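A.B. asks: With my numbering, the residue at position 35 of the sequence shown is 765, and numbering never jumps.
Have a look at this one.
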Amino acid sequence: MAHHKSAEKRIRQTPGRTLRNKSRVSEIKTEVKKAETALASGDKAAAAAALKAAQPAMQRGVSKGVMHRNTVARKISRLTKRLKALG
């Protein structure tokens with residue numbers, strides 16, 4: 731049980747924030763999965779388009795604080811490396 735006004739406010743804010751963050755992470759995972767599927771199919775044009783859509787979503791996750799910047803940098807780097815290997 732909260733004993734301070736600020737703690738009570740935090741209790742009210744947390745569920746909404748959690749929902750927003752879950753939604754953001756889910757969107758990012760979907761975009762990354764689309765890029766990985768396109769890479770696995772071997773279609774370079776589709777893979778490039780999917781990766782181009784996934785990158786800003788991942789960077790948005792960093793700016794919103796739901797993903798760590800090094801994690802995103804690593805994932806983007808690996809996806810880009812796979813894309814270059816297709817060509």
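Just so it is clear, CB atoms sit at the ideal spot from N, CA and C, and this is done for glycine as well.
Source: prediction; values computed, not measured.
Alpha helix (DSSP H) containing Ala780: first to last residue?
C.D. replies: Residue mapping note: residue 780 aligns to position 50 of the sequence shown, counting from 1. Annotation: the continuous alpha helix (DSSP H) that includes Ala780 extends over Lys774 to Lys794.
A.B. asks: Secondary structure at Glu817, three-state DSSP: helix, strand or coil?
C.D. replies: Position 87 of the sequence shown, counted from the first residue, corresponds to residue 817. Per the sequence shown, residue 817 should be read as Gly rather than Glu. Gly817: coil per DSSP, three-state reduction.
A.B. asks: Look up Ala737 in the DSSP assignment and say whether it is helix, strand or coil.
C.D. replies: Position 7 of the sequence shown holds residue 737. In this structure, Ala737 counts as helix in the three-state DSSP scheme.
A.B. asks: For Ala768, collect the residues of the same chain with a Cβ closer than 8 Å to its Cβ; drop the 5 residues on either side in sequence, then sort them by chain order.
C.D. replies: Mapped onto the sequence shown, residue 768 falls at position 38. Answer for Ala768: Ala776, Ala777, Ala779, Ala780 and Leu781, listed in chain order.
A.B. asks: Assign Ala732 to one of three DSSP states: helix, strand, or coil.
C.D. replies: Indexing the sequence shown from 1 puts residue 732 at position 2. Coil at Ala732, not helix or strand.
A.B. asks: Residues in its own chain within less than 6 Å of Val796 by CB, not counting five upstream and five downstream?
C.D. replies: Working through the sequence shown from its first residue, we reach residue 796 at position 66. Here the set comprises Asn751, Arg754 and Val755.
A.B. asks: Leaving out five residues on either side along the sequence, give the residues of the same chain with a beta carbon under 8 Å from the beta carbon of Glu757.
C.D. replies: Position 27 of the sequence shown, counted from the start, is the residue given in the question as residue 757. Once the five neighbours on either side are set aside, the close Cβ partners of Glu757 are Ala787.
A.B. asks: State the Cα-Cα distance for the pair Val762 and His733, rounded to the nearest angstrom.
C.D. replies: The residue given as residue 762 occupies position 32 in the sequence shown. The residue given as residue 733 occupies position 3 in the sequence shown. So the two alpha carbons sit approximately 43 Å from each other.
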